[in-house]
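Undergrad: This note's numbering puts the first residue of the sequence shown at 33, with every later residue one more than the last.
C-beta: ideal position from N, C-alpha, C; glycine also.
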Amino acid sequence: MTTFDRDDLIFQLFDVAQLETLLADGEFDLDRTGVEAILDTAAQIAVDHFVEGGRILDEHEPEYVGGKVVMHDIVKRAVDAHKEAGFIAAGFDEEHGGMGLPKTVHQAASFIFSTANVSFGGYAMLTIGAGRLIANFGSDDQKARWLAPMVEGRFFGTMALSEPHAGSNLADITTKAEPLEDGRYRITGRKMWISGGDHELSDNIVNMVLAKIPGGPAGTRGISLFIVPKYRLGADGNPAERNDVTLAGLNHKMGYRGITNTLLNFGDKGDCMGELVGEPHQGLKYMFQMMNEARIGVGMGAVALGQAGYQASLAYARDRPQGRHPGEKDPASQQVMLVEHADVRRLLLAQKAAVEASLALGLYCARMVDQLKFETDPTVRDENQLVLDMLTPIAKSWPSEFCLEANKHAIQVLGGAGYTRDYPVERYYRDNRLNPIHEGTHGIQGLDLLGRKVVMNNGAGFMALLRRIRSDLEQAAEVEACRDLAAPVGQALDDLERVTATLVGELMTDTRRGLANATLYLDFMGHVVMAWMWVRITMAADEKRSRDGDSAFIRGKFQAACYFMNRELASTKVWAETLERNDQSAFDMAVEGF
């Protein structure tokens with residue numbers, strides 16, 4: 033079963049993201065042939081180990097038995113194959129024993145795995161994120177003891193933030209870390225919704241735990257970061273006695289069933305030991321590194337699920353005969369394939385328009401991470417970081433919301449078959465429904481975008497993003513095939529700038545009322561950014577056409593872009609009006625009125 037479009041992925045990497053330009057800088061010992069070999073290896077592992085595992089784990093989810101996790105052995109086989117092929121090490125720098133693969137290439141490989149089974153790839157994503165926290169903020173001793181086995185894939189990692197009573201509000205966490213004379217800390221507390229928090233897939237689990245040291249500042253300013261392993265290490269560096277970390281239970285999710293989701297108790301017996309990472313009370317600042325990486329990763333997972341649903345529904349529509357064209361009344365005439373019906377083509381085109389633009393944005397963000405790593409000009413580096421900060425909530429939330437909508441369309445294409453377990457599209461929808469929630473809900477991303485990112489550095493990030501978009505629009509205006517597509521994006525960008533000025537003014541007057549429509553603002557900016565991605569895609573497609581000749585592939589890009597501008601970007605006109613008057617209907621609704 034095809035879960036992704038290889039031709040489109042290669043086009044996105046080399047034509048849209050211009051990966052060869054990055055590789056030509058000489059920072060990476062890799063060429064196009066090597067990249068394609070890596071992606072083909074990922075695709076083969078995905079077919080051999082991930083695809084079938086997605087179905088099996090969905091039907092036989094992990095169980096909590098006698099204080100341990102019991103799960104189907106296909107998970108172990110899949111994560112081992114992934115690890116042994118080097119896809120965990122690929123996410124780490126060579127100085128830490130990793131492969132130093134460009135983030136753009138690693139992101140593309142992860143996308144392939146996620147189209148096949150999004151939940152299995154979560155173990156690697158969390159391990160890489162946790163390991164990079166230790167690499168950047170841990171001591172040399174911590175890197176030697178914890179990072180090395182994580183790079184090797186012998187230890188897996190987690191991020192342990194949320195608590196049962198606090199949820200997304202980290203200011204209210206109560207997990208404590210009491211300092212001991214030997215430099216360690218005694219950890220006590222509970223953590224909820226911890227993905228990969230317990231299993232038997234690795235020799236150890238390295239939990240990156242947020243906790244408060246008694247006597248520290250209140251709220252988020254008093255949060256510190258700790259390494260709290262499942263097993264303590266012996267003198268030889270191998271796992272020894274069990275730390276006082278207890279699996280209290282599993283959360284049974286509607287999707288993502290291949291990765292455990294846990295409730296963990298720390299210090300029930302008073303013997304849970306942790307190590308401080310970096311400086312006290314800087315934990316949330318450190319953790320934002322992993323959170324932001326995970327947010328882009330979650331967005332790419334949503335794109336992958338949208339892609340898998342699109343491929344499944346497209347194949348079905350091409351192969352399933354049903355009905356006849358309007359006006360053809362003869363019941364003896366031959367039926368047409370589903371794809372021949374205009375509304376089915378609309379459903380397919382809506383998926384393509386959302387998925388391919390979202391993939392372009394995810395790779396754009398990954399490429400900026402690669403550029404930031406080696407950029408020597410501080411001015412260029414600062415601007416790239418500002419733009420990446422601006423795009424992160426969009427890269428996380430827009431695909432999570434609108435590639436979920438694409439999965440809804442995939443189910444609709446299949447009709448009655450779509451909501452049965454005989455076909456995978458209903459599972460893709462259930463898997464994807466988690467993404468608007470975890471790693472910061474859709475609403476929280478809106479608050480972050482409008483309340484923090486837009487106003488940071490007196491709007492420097494917002495203005496840098498506008499400059500970047502306008503630069504591409506100016507180039508597109510010089511290309512005959514792209515000119516008409518770019519024009520409405522420029523108009524929407526003007527609307528965005530005007531609306532933003534209005535809302536920032538409201539924020540300065542009344543923060544709560546100013547943020548009342550932050551989620552709609554996120555959708556608005558997200559649509560503008562995705563329209564920008566379609567301009568970039570069509571410019572690349574036009575160059576490819578001049579080089580290789582016209583094709584159905586190229587024409588499909590332009591038609592999808594046309595659909596997005598006419599049917600999706602057009603929605604922003606109404607949203608702009610709502611935002612400019614800062615509609616307060618929801619804010620003014622009395623609680624008693626519900």
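1. Taking the alpha-carbon positions, what's the residue 333 to residue 149 distance?
2. Let me know the alpha helix (DSSP H) ranges lying completely inside the segment 306-361, each 4 residues or longer, listed in chain order.
3. The beta strand (DSSP E) that contains residue 219, what's its start and end?
4. In chain order, what residues of the same chain have a beta carbon less than 6 Å from the beta carbon of residue 301, not counting five sequence neighbours either side?
5. Between which two residues does the beta strand (DSSP E) holding residue 285 run?
6. Within the segment 516-590, note down every full alpha helix (DSSP H) run reaching 4 residues or more, in order along the chain.
7. Between the alpha carbons of residue 372 and residue 366, how many angstroms are there, rounded?
8. Helix, strand or coil for residue 418? Go by DSSP, reduced to three states.
9. So, helix, strand or coil for residue 259, using DSSP?
10. Between residue 540 and residue 546, what straight-line distance do the alpha-carbon atoms span, to the nearest angstrom?
11. Could you round the C-beta distance between residue 585 and residue 562 to whole angstroms and report it? I think they count as a contact, below 8 Å.
12. Please state the DSSP three-state secondary structure of residue 160.
13. Locate the alpha helix (DSSP H) running through residue 111, then write down its first and last residues.
14. Nearest by alpha-carbon distance to residue 451: which of 345, 554, 467 and 501 is it?
15. Once you ignore the five residues that flank residue 297 on each side, which residues in its own chain have a CB closer than 6 Å to its CB?
16. Using the rule of at least 16 other Cβ atoms within 10 Å of the residue's Cβ for burial, across every protein chain shown, is residue 182 buried or exposed?
17. In this structure, does DSSP put residue 153 in helix, strand or coil?
18. Is the segment 121-134 in contact with the segment 39-50, if contact means three or more CB pairs nearer than 8 Å?
19. Excluding sequence positions up to five away, which residues of its chain have a Cβ less than 7 Å from the Cβ of residue 443?
20. Hey, could you find the ends of the beta strand (DSSP E) residue 102 is sitting in?
21. Name the DSSP bridge partner or partners of residue 467?
22. Could you pull out every residue in the same chain whose Cβ sits closer than 8 Å to the Cβ of residue 440, ignoring the five residues on either side in sequence?
23. Could you give the residue range of the alpha helix (DSSP H) that holds residue 493?
24. Beta-carbon separation of residue 429 and residue 354 under 8 Å?
25. Just to confirm before moving on: does the CB-CB distance between residue 256 and residue 244 stay below 8 Å?
26. Using the beta-carbon count (16 or more within 10 Å), is residue 621 buried or exposed?
27. Answer with buried or exposed for residue 361, where buried requires no fewer than 16 other C-beta atoms within 10 angstroms of its C-beta.
28. What's the gap between the Cα of residue 111 and the Cα of residue 155?
29. In the DSSP assignment, the alpha helix (DSSP H) including residue 122 goes from what residue to what residue?
30. Quick one: Cα of residue 324 to Cα of residue 420, how far?
TA: The structure says:
1. 9 Å
2. 315-351
3. 217-227
4. Cβ within range, chain order: 276.
5. Careful: residue 285 lies outside any beta strand (DSSP E) and carries neither H nor E.
6. 543-546 and 550-580
7. 13 Å
8. helix
9. strand
10. 8 Å
11. Contact doesn't hold; Cβ gap of about 20 Å is too wide.
12. In this structure, residue 160 counts as helix in the three-state DSSP scheme.
13. 106-116
14. Cα-wise, what sits closest to residue 451 is 345.
15. 222, 278 and 280
16. buried
17. helix
18. no
19. 450, 451, 457, 458 and 461
20. For residue 102, the uninterrupted beta strand (DSSP E) run begins and ends at 100-102, by DSSP.
21. Its beta-bridge partners do not exist; DSSP assigns none.
22. 461
23. 492-509
24. No, these two residues do not count as a Cβ contact at 8 Å.
25. Their beta carbons are under 8 Å apart, which means residue 256 touches residue 244 by this criterion.
26. With a threshold of 16 other beta carbon atoms within 10 Å, residue 621 falls short and is exposed.
27. exposed
28. 8 Å
29. Run containing residue 122: none; DSSP gives neither H nor E here.
30. 10 Å
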